[in-house]
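Visitor: Would you mind keeping the following structure in view while I ask a few things?
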Amino acid sequence: MFSTPLGVSSFQLDTANTQSRNTFGSTPVSGSMVPCRPVEKMAIEVSLVDFQGRVLPDQVLELAWGQTVYRLKSNAFGAVRFEGLEATSYPLTLLGLDRRTLDVPLVEALSSMWVLSSQPAEWSVLPPLAYPEAMHVVQPGEGVDTIAFDWGHLPETIWDAPQNGTLRAQRRWRNQLAAQDTLYIPPREPATLQVSAGFHYVLRFNGGVSRLRLRLAVGFEPQDGVPYLLEVPDAPSQQGTTRNGYIDTVVPAQTTRVTLVLDQGATRLDLPVGALLPLSDDRGVQQRLRNLGFPCASSDGTFDDVAKGVLHRFRSAVSLPHSDAVDDDVRGALFALHDQG
Amino acid sequence: MLTLRAEQLRVLDAHRQDQFLAGLEGHLQRHFPAFVAMQPRESLRTSLRAAVDEAVSVGLETRGDVSVYVNLCAVLGWDFASEPESAWLGALLRDTSIPSASYRLKLGVQELQRRLALELQQREARHRFESATDTERR
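Protein sequence lines correspond, in order, to chains A and B. Just so you know, our numbering puts the end of the first sequence at 783, numbered straight through with nothing missing. Just so you know, our numbering puts the end of the second sequence at 335, numbered straight through with nothing missing.
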């Protein structure tokens, strides 16, 4: 968690900064006033954020004017500033994100300090950028939610594409893909909006989230009404009580760990989270055994003596006959307890 | 006609600098009294002078921007640019791929405010969680 030595709040800093500008203003540090040459050009600022206000770097945006474009990439802080513009409006195209993923939660006039621009605009004639359809070969641990984030789509846009019908029938859940599965990526439809010089636009990407479902159980008995706090890195903490043992929420798609806090803060469980492999894959079997409290020492799909011991305990717990086999009975029990539960 | 000699100009500049530093001291007293209380008055002036030099070295040109830079010092510590937790901010302020130092400062402040707001939400959620369950226990 980020912290400051004296616990200063965002509001306190904002108040101090406003006072700084009002008191000390644009006087040069040396104290000598230098007359500024008149500036007639203006700027447009754009901030790109996700649904939790986290910044989106490396997104390509362009303004158009006749046959020329002014193309910039959002910096590490998700920001873009177009300089040297006439006091008019321009079409702004966001090339890296599909239009269905975006909305504009904030449009505000730039403050007097930022509205004018003394730098030149960088208009040029550039070949258009194309984002055609593609095929994505799934890597271990990837699910549609993370893949969609990388391709600038909503997960549904990819998963529901008719071209992915066969894979949908095979895999049932969109975040249970097997390595080397091939996923069709539809072409992106770039978002375009009209923007005016002198304004700041906040564009919000509404993809990049993933459903997270945890179940608290003793043995296989779900624990209902248990108060919990879920801490997600670089995202707001979530508080609630389990329903039929479940914590069912959304987190950023790129999340790989969460901390579940229970028992008045006395118990803190650091949990890895991510896409599951399908049940047909023995590694997917091991993932589910681990999630149900039967951790195998290995997670590579091989069942050595330790993993076989774990398998025996699981089979016994669900009243299956003693065996070393990862058979349809085991997969069926895991499906019922874990996937369907 | 009034003619100023170089020595007179130097004295005038020094006087203006002292006035600016005094103004910054007053500003810190008003907005960050706990931070000011942590250090002797003499060292405050020395640290302020170093912070102003540092702000100028990253390209900030106006007293308003330098004062905002000093606010960052009050929030994160005088050496924030080299502290691991806030090194990102030091790197941003020196990142000349964003040409305007003033704009870099603005972006840094926005990101810091986002992190402070998130920290507050996380702290309050933890406090609410612990106090709610304490109440239930009683």
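Note that beta-carbon positions come from the ideal geometry of N, C-alpha and C, so glycine has one too.
Could you name the residues of chain B that Arg523 of chain A contacts, counting a contact when the two beta carbons are closer than 7 Å?
Guide: The residue labelled residue 523 of chain A in the question sits at position 81 within the first sequence. Residues of chain B passing the Cβ test: Tyr300.
Visitor: Could you give the distance in angstroms between the alpha-carbon of Ile537 of chain A and the alpha-carbon of His595 of chain A?
Guide: Residue 537 of chain A sits at position 95 when you count from the first residue of the first sequence. Residue 595 of chain A sits at position 153 when you count from the first residue of the first sequence. The sequence shown places Leu at residue 537 of chain A, not Ile. In a straight line, the C-alpha of Leu537 of chain A is about 12 Å away from that of His595 of chain A.
Visitor: Roughly how many angstroms lie between the CA atoms of Leu718 of chain A and Ala563 of chain A, to the nearest whole one?
Guide: Taking the first residue of the first sequence as 1, we reach residue 718 of chain A at position 276. Taking the first residue of the first sequence as 1, we reach residue 563 of chain A at position 121. Their backbone Cα atoms lie some 48 Å apart in a straight line.
Visitor: Within 10 angstroms of the Cβ of Glu525 of chain A, are there 16 or more other Cβ atoms? Answer buried if so, exposed if not.
Guide: Here residue 525 of chain A corresponds to residue number 83 of the first sequence, with the count starting at 1. Result: buried.
Visitor: Output yes if chain B places a C-beta closer than 8 Å to the C-beta of Leu455 of chain A; else output no.
Guide: Counted from its first residue, the first sequence places residue 455 of chain A at position 13. Interface residue, yes.
Visitor: From Glu280 of chain B to Thr457 of chain A, what distance separates their C-alpha atoms?
Guide: Numbered from 1 along the second sequence, position 83 holds the residue referred to as residue 280 of chain B. Numbered from 1 along the first sequence, position 15 holds the residue referred to as residue 457 of chain A. Looking at the two C-alpha atoms, the distance is approximately 24 Å.
Visitor: Sort B:Val249, B:Ala231 and B:Met235 by Cα distance to Ala219 of chain B and report the nearest one.
Guide: For the purposes of this step, residue 219 of chain B is taken as residue 22 along the second sequence, with counting starting at 1. Residue B:Val249 is the option with its Cα nearest to Ala219 of chain B.
Visitor: Excluding sequence positions up to five away, which residues of its chain have a Cβ less than 6 Å from the Cβ of Asp766 of chain A?
Guide: Within the first sequence, numbered from 1, the residue matching residue 766 of chain A stands at position 324. Cβ neighbours of Asp766 of chain A beyond the five flanking positions: Lys750.
Visitor: Using Cβ-Cβ distances below 7 Å, what residues of the region 250-280 of chain B are close to chain A?
Guide: Result list: Val253, Glu258, Thr259, Arg260, Gly261, Val263, Ser264, Val265, Asn268, Val272, Leu273 and Gly274.
Visitor: How would you write the range of the beta strand (DSSP E) that Ala603 of chain A sits in, first residue to last?
Guide: Stepping through the first sequence from its first residue, residue 603 of chain A is reached at position 161. Note, Ala603 of chain A: premise wrong, no beta strand (DSSP E); not H, not E.
Visitor: Assign Ala247 of chain B to one of three DSSP states: helix, strand, or coil.
Guide: The count along the second sequence starts at 1 and reaches residue 247 of chain B at position 50. DSSP places Ala247 of chain B in helix when its eight states are reduced to three.
Visitor: Less than 8 Å between the CB atoms is what I'm expecting for Leu290 of chain B and Ser452 of chain A, so what's the real figure, rounded?
Guide: Counting from one through the second sequence, the residue named residue 290 of chain B turns up at place 93. Counting from one through the first sequence, the residue named residue 452 of chain A turns up at place 10. Not really, about 19 Å apart at Cβ, beyond 8 Å.
Visitor: Under 8 Å between C-beta atoms, does Thr684 of chain A make it to chain B?
Guide: Numbered from its first residue, the first sequence carries residue 684 of chain A at position 242. Output row for Thr684 of chain A: interface = no.
Visitor: Step through the CB atoms of chain A and report whether any lies within less than 8 Å of the CB of Arg335 of chain B.
Guide: As a first step, residue 335 of chain B is located in the second sequence; it is residue number 138 there, counting from the start. Residue placement at Arg335 of chain B cannot be trusted, given a pLDDT of 49 that sits under 50; the coordinates are not used to answer.
Visitor: Count Cβ pairs between the region 653-665 of chain A and the region 675-689 of chain A that sit closer than 8 Å; are there 3 or more?
Guide: Contact holds: three or more Cβ-Cβ distances are below 8 Å.
Visitor: Could you give the first and the last residue of the continuous alpha helix (DSSP H) run that contains Trp565 of chain A?
Guide: Counting from 1 along the first sequence, the entry for residue 565 of chain A is found at position 123. No alpha helix (DSSP H) holds Trp565 of chain A; DSSP gives it neither H nor E.
Visitor: Does any residue of chain B have a CB that is nearer than 8 Å to the CB of Thr469 of chain A?
Guide: For the purposes of this step, residue 469 of chain A is identified with residue 27 of the first sequence, where counting begins at 1. It does: the Cβ of Thr469 of chain A has a partner Cβ on chain B nearer than 8 Å.
Visitor: Based on the DSSP output, what are the partners of Pro664 of chain A in its beta bridges?
Guide: Walking along the first sequence from the start, residue 664 of chain A turns up at place 222. According to DSSP, which records beta bridges pairwise, Pro664 of chain A is partnered with A:Ala659.
Visitor: Compute the distance between the beta-carbons of Ala551 of chain A and Ala639 of chain A, then report whether it is under 8 Å.
Guide: Translated into the one-based positions of the first sequence, residue 551 of chain A becomes position 109. Translated into the one-based positions of the first sequence, residue 639 of chain A becomes position 197. Cβ distance not < 8 Å, so Ala551 of chain A and Ala639 of chain A don't count as in contact.
Visitor: Can you tell which of B:Arg323, B:Gly261 and B:Val253 has the C-alpha that lies nearest to the C-alpha of Thr701 of chain A?
Guide: Locating residue 701 of chain A in the first sequence gives position 259, counting from the first residue. The residue with the shortest Cα to Cα distance from Thr701 of chain A is B:Arg323.
Visitor: Could you tell me whether any non-hydrogen atom of the ligand FMN is closer than 7 Å to the CB of Lys750 of chain A?
Guide: This structure lacks the ligand FMN, and indeed carries no ligand of any kind.
Visitor: Taking the continuous alpha helix (DSSP H) assigned at Pro230 of chain B, which residues delimit it?
Guide: For the purposes of this step, residue 230 of chain B is taken as residue 33 along the second sequence, with counting starting at 1. From DSSP, the alpha helix (DSSP H) with Pro230 of chain B extends over Pro230 to Ala234.
Visitor: Check the C-beta distance from Lys515 of chain A over to Asp492 of chain A and give it rounded, since I have them as a contact under 8 Å.
Guide: In the first sequence, residue 515 of chain A corresponds to position 73, counting from 1. In the first sequence, residue 492 of chain A corresponds to position 50, counting from 1. Not a contact, Cβ separation roughly 17 Å.
Visitor: From A:Val497, A:Val644, A:Leu635 and A:Leu654, pick the residue whose C-alpha is nearest to that of Val549 of chain A; which is it?
Guide: As a position in the first sequence, residue 549 of chain A is number 107, starting the count at 1. Closest by alpha carbon: A:Val644.
Visitor: To the nearest angstrom, how far is it from the Cα of Val752 of chain A to the Cα of Ala759 of chain A?
Guide: By one-based count along the first sequence, residue 752 of chain A stands at place 310. By one-based count along the first sequence, residue 759 of chain A stands at place 317. Whole-angstrom Cα-Cα distance: 11 Å.
Visitor: Output, in sequence order along the chain, the residues in the region 631-654 of chain A whose CB is closer than 9 Å to any CB in chain B.
Guide: Cβ contacts with chain B come from no residue of the region 631-654 of chain A.
Visitor: Check whether chain B comes within 8 Å of Gln461 of chain A, counting only Cβ atoms and requiring the distance to be less than that.
Guide: Taking the first residue of the first sequence as position 1, residue 461 of chain A is located at position 19. Closer than 8 Å to some Cβ of chain B, the Cβ of Gln461 of chain A qualifies, so yes.
Visitor: Could you check if Ser554 of chain A is buried or exposed, using at least 16 other CB atoms within 10 Å of its CB as the buried criterion?
Guide: Within the first sequence, numbered from 1, the residue matching residue 554 of chain A stands at position 112. Ser554 of chain A should be labelled exposed.
Visitor: Look at Trp565 of chain A and Thr634 of chain A and say whether their C-beta atoms are less than 8 Å apart.
Guide: Translated into positions along the first sequence, residue 565 of chain A becomes position 123. Translated into positions along the first sequence, residue 634 of chain A becomes position 192. For Trp565 of chain A and Thr634 of chain A, no; Cβs fall outside 8 Å.
Visitor: Using only CA atoms, which one of A:Ala775, A:Cys738 and A:Trp601 lies nearest to Leu721 of chain A?
Guide: The residue labelled residue 721 of chain A in the question sits at position 279 within the first sequence. Checking every option, the nearest Cα to that of Leu721 of chain A belongs to A:Ala775.
Visitor: Any C-beta of chain B within less than 8 Å: which residues of the region 707-720 of chain A qualify?
Guide: Answer in chain order: Gly707.
Visitor: Quick test of your reading: Phe311 of chain B and Gly495 of chain A, contact by CB under 8 Å. State the CB separation rounded to the nearest angstrom.
Guide: If you number the second sequence from 1, residue 311 of chain B lands on position 114. If you number the first sequence from 1, residue 495 of chain A lands on position 53. Phe is not the amino acid found at residue 311 of chain B; the sequence shown has Arg there. Between Gly495 of chain A and Arg311 of chain B the Cβ distance is about 6 Å, and since that is below 8 Å, they are a contact.
Visitor: Can you tell me the Cα-Cα spacing of Thr543 of chain A and Glu598 of chain A, whole angstroms?
Guide: As a first step, residue 543 of chain A is located in the first sequence; it is residue number 101 there, counting from the start. As a first step, residue 598 of chain A is located in the first sequence; it is residue number 156 there, counting from the start. Each residue's alpha carbon lies about 11 Å from the other.
Visitor: Is there a Cβ from chain B that is less than 8 Å from the Cβ of Glu431 of chain A?
Guide: Nothing can be reported for residue 431 of chain A, as the shown portion of chain A is limited to 443 through 783.
Visitor: Whole angstroms is fine: what's the gap from Pro296 of chain B's alpha carbon to Gln561 of chain A's?
Guide: Indexing the second sequence from 1 puts residue 296 of chain B at position 99. Indexing the first sequence from 1 puts residue 561 of chain A at position 119. Roughly 10 Å between the two C-alpha positions.
Visitor: Sort out for me which residues DSSP pairs Ala633 of chain A with in a bridge.
Guide: For this step, residue 633 of chain A is matched to residue 191 along the first sequence. Ala633 of chain A is bridged to A:Leu536.
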